[in-house]
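Enquirer: First to last, the protein sequences are chains A and B.
Throughout, our numbering is defined as the position within the first sequence, counted from one, plus 9.
Mapping of the second sequence onto our numbering: position 34 corresponds to residue 17, and the numbering continues sequentially without gaps.
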Amino acid sequence: MSPIIYMKQVKKRYQTGAVAFEALKGINLIVNPGEFIAVVGPSGSGKSTLMNIMGCLDVPSSGIYKLEDELVNKMTHNQLADIRNQKIGFVFQAFNLLPYATAFENVEVPLLFAKVNGKKRRARVIELLARVGLADKAGNRPTEMSGGEMQRVAIARALANEPDIILADEPTGNLDSKSGSGIVSLFDELHSAGKTIVIITHDMNIAQHAQRLVRLKDGLMDTGTEDPQLATAS
Amino acid sequence: MHLITIYNMFVRDFRKQRKRITLTLIALMWGTISIMLLLAFGEGLHYQLSLNQKGMGSNIGVMWAGQTSIPFKGMGKGRRIHLYKEDPAFLAERIPEIRTIGGEYSRWGVRLKYRDKLLSEHCTGIPPEFEEMRHHIPQAGGRMINQLDMDAKRRVAFIGSQLKERLFEDEDPIGKVVMMNNMPFTIIGVMIEKMQMSNYEGMDEDVIAIPATTFKAIFGDAYLDDIVYKAHDPNQMAVIEKKIFEAMGQRYKFDPADDRALSIWDTVEGQKEMSNMLMGIKVFLGIIGFLTLLIAGVGVANIMYVSIRERTREIGIKMAVGARRAVILWQFLIEAMMITFLGGFFGMAISWALTEGFKKVPIDSDVLEFMGRPTVSPEIGLIVIAILGLMGLFSGLFPALRAASVSPVESLRYE
Ligand SMILES: Nc1ncnc2c1ncn2[C@@H]1O[C@H](COP(=O)(O)OP(=O)(O)OP(=O)(O)O)[C@@H](O)[C@H]1O
Ligand SMILES: [Mg+2]
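Next up, the structure:
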């Protein structure tokens, strides 16, 4: 089985004025279809940087990144946009919902970019909201929802075009533990439904849900084969 | 492009921007109204002035006799030159560029009496050619002096519209007899009302005109007061003038280069100057209007920049879920265009309504008689639409380009 994500010697260098900073110093990572992976590591270790590259929001400075056997490095802006629309669902710590739009409209956005026609699109949105348990909140705006509900809307949006991969950057970081665990069980469900999931977390209880742990430190990863049990012990 | 997508996004984003968009719309409406009304005023002024100009006749020249200022063939300078009743025919024969020509006698202070009214007025003795040349056009029910009147030296009179009011008020003057210096004259026609910007020898609306032959017979004037001629082609006025000096110089023995011997008023030249001046006024009004509109345009650009800055995160979100750069670009471009066109549309509608309203105001007032009515011509509409279009494009393009070129990661980080 060929890997869904393949990274070899991926580096990311940030240039701030005259100062260059290497946030990723050579990542070698393989993710197979259907895997559930947790990325952990201290603040500033490069987790978000890695996730942004994985999600095609950013491109590596050097190294090879292949997504479903396609080389991402040299893709055009449009190709990257289409991948973000079709193949990847991104979930953020800060939810990143459009503040003036309703839950329904937020979920609808990726479908608009995918040019799904009106009737099909509406049906799809309703189905997605039901899937995250928010069928009755379709008309609510972000200000009229709890953090947990907002994150569910964000997950529904991430699922809009049936992507194979769900990437989540500290999805429970802004939530209390109760809503957090609701979100985590949603990821478990998605995992059982066959999605590939990569999640960044500081919370080892959440990391335990993953099959595999990737530990980052100073832009480099420890061998990603560690057992989650072991990681908790340390 | 996926117009539906863009439209959907627009309708959705519009709601949030309502207050700011309303303010910009008002600025745009204001700008559009200023440019429209200023241009409309220019147009009305132009129309009115050319109407007034036509009142005296178009493509005409008026010639008066003067005094020589250059010694010629042994004769000293300061000799008086006179115009005789045979001169028009002489010039018509010599100068083919002349289309029509006629001599005019003039006398101020003739006494007119009709019933109990006694007036002191201006009388001219003119040939029938003045109907065409000087727009001495009769109102319905009357006629101008004709050749029979000339040949028979009839005591008939053609009067200006204002003089008619003063003498006859509401009465029908045709066929009535007025006494001029105690001689009876029958009124044969009243001149149409006309706007007259320029005149020599008084306004046409106040004149009492009689056949030139009758004039000479009763007043006994030895010389014509002036000769009026009309060119076939307005571009030949200068040629005609030169030929007149040559022909008359030969006939009355003065140097053709002596510009004091005759004085000629070339109204075509005047019309050109007038139309240049008018063009100047129109351009000036247009520029003021344009600047006002430009300020509104800057307002649109500013709103777009602010709006884009405030929506940086939103742009990042849209990009993160798969918006192509073009979608973002079009979104803001269309937004700017929609705002511009909406404001422009309302502004144009209001301006149009205002100028339509102006049409209801009677033109009696002296101001309107001079200024004319503001008129929205199709050209003005097109000019304003073109300006609005360009403005919408430019005020939207640069902000939109900036919005579309930010990286998704950067915009998502933006607080
Ligand atoms: N745009 C940028 N320009 C310069 N430096 C950056 C930029 N983005 C990230 N960095 C730096 O790269 C390093 C890694 O950042 P990153 O956000 O990936 O960390 P992280 O592991 O996600 O941290 P946290 O757990 O706090 O979210 C940090 O030192 C950060 O300061
Ligand atoms: Mg991070």
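Note that beta-carbon positions come from the ideal geometry of N, C-alpha and C, so glycine has one too.
1. Expressed to the nearest angstrom, what Euclidean distance is found between the alpha-carbon atoms of B:GLU154 and B:ALA123?
2. Fully enclosed by the stretch 93 to 172 of chain B, which alpha helix (DSSP H) runs are 4 residues long or longer?
3. Exposed or buried, which one is B:ASP209 when buried takes at least 16 other CB atoms within 10 Å?
4. Nearest chain A C-beta to B:GLU339 closer than 8 angstroms, yes or no?
5. Taking Cβ to Cβ, would you say B:PHE198 is nearer than 8 angstroms to B:GLY172?
6. So is B:ASN399 buried or exposed if we call it buried at 16+ other beta carbons inside 10 Å?
7. Just the Cα atoms here: how many angstroms apart are B:SER388 and B:ILE4?
8. Mark A:TYR23 as exposed unless 16 or more other C-beta atoms lie within 10 angstroms of its C-beta, in which case mark it buried.
9. Using the beta-carbon count (16 or more within 10 Å), is B:MET374 buried or exposed?
10. Give the interface partners of A:ASP91 over in chain B, defined as CB-CB distance under 7 angstroms, in chain order.
11. One question on the structure: do B:MET12 and B:GLY330 come within less than 8 angstroms of each other, judged by their Cβ atoms?
12. Between the beta-carbon of A:ILE13 and the beta-carbon of A:ASN41, is there less than 8 angstroms?
13. Taking the continuous alpha helix (DSSP H) assigned at B:ALA332, which residues delimit it?
14. Three-state secondary structure (DSSP) at B:MET186?
15. Straight-line CA distance for B:ARG395 to A:ASP227?
16. Under a Cβ-count criterion, where at least 16 other Cβ atoms within 10 Å of its own Cβ denotes burial, should A:GLN238 be classed as buried or exposed?
17. Going by CA-CA distance only, name the one from A:ARG166, A:ASP197, A:VAL19 and A:ALA216 that's closest to A:GLY98.
18. Take the Cβ of B:MET166 as the centre, count every other Cβ of all protein chains shown within 10 Å, and call the residue buried at 16 or more, exposed below.
19. Counting only Cβ pairs nearer than 8 angstroms, list the residues of chain B close to A:ARG22.
20. Give me the chain B residues within the contact set of A:ARG166, using Cβ-Cβ distance strictly less than 7 angstroms, ordered along the chain.
21. So, are the CB atoms of B:PHE402 and B:ASP238 less than 8 angstroms apart?
22. Rounded to whole angstroms, what is the Cα-Cα separation between A:GLU153 and B:GLY340?
23. For B:LEU274, is the classification buried or exposed, using 16 other Cβ atoms within 10 angstroms of its Cβ as the cut-off for buried?
24. When every heavy atom of ligand 2 is checked, does at least one fall within less than 7 angstroms of the C-beta of A:LYS226?
25. Taking 7 angstroms as the cut-off, is the beta-carbon of A:ALA177 closer than that to any non-hydrogen atom of ligand 1?
26. With 8 angstroms as the threshold, decide whether the Cβ of A:ASN41 is near any Cβ in chain C.
Expert: Looking at the coordinates:
1. B:GLU154 and B:ALA123 have their alpha carbons spaced roughly 15 angstroms apart.
2. Runs of the alpha helix (DSSP H) inside the stretch 93 to 172 of chain B: 113 to 116, 130 to 135 and 144 to 151.
3. Its Cβ being crowded by 16 or more others within 10 Å, B:ASP209 is buried.
4. No, because no Cβ of chain A sits closer than 8 angstroms to the Cβ of B:GLU339.
5. Not in contact: B:PHE198 and B:GLY172 (Cβ atoms no closer than 8 angstroms).
6. For residue 399 of chain B there is no data in the structure shown, the boundaries of chain B being -16 and 398.
7. 24 angstroms
8. Residue environment for A:TYR23: exposed (fewer than 16 other C-beta atoms within 10 angstroms of its C-beta).
9. buried
10. GLY305
11. yes
12. yes
13. 308 to 343
14. In the three-state DSSP reduction, B:MET186 falls in the coil class, being neither helix nor strand.
15. A quick correction: the sequence has Leu, not Arg, at residue 395 of chain B. Their Cα atoms are separated by approximately 23 angstroms.
16. Low confidence applies to A:GLN238: its pLDDT is 41, below 50, so where it sits in the model is not reliable enough to give any reading.
17. Answer by Cα proximity: A:ARG166.
18. exposed
19. The premise fails here: A:ARG22 is roughly 14 angstroms from chain B at the closest Cβ pair, so nothing lies under 8 angstroms.
20. VAL304
21. A query on residue 402 of chain B cannot be resolved here, the shown segment of chain B reaching from -16 to 398 and no further.
22. 50 angstroms
23. exposed
24. no
25. no
26. The chain inventory of the structure shown lacks chain C, comprising the protein chains A and B.
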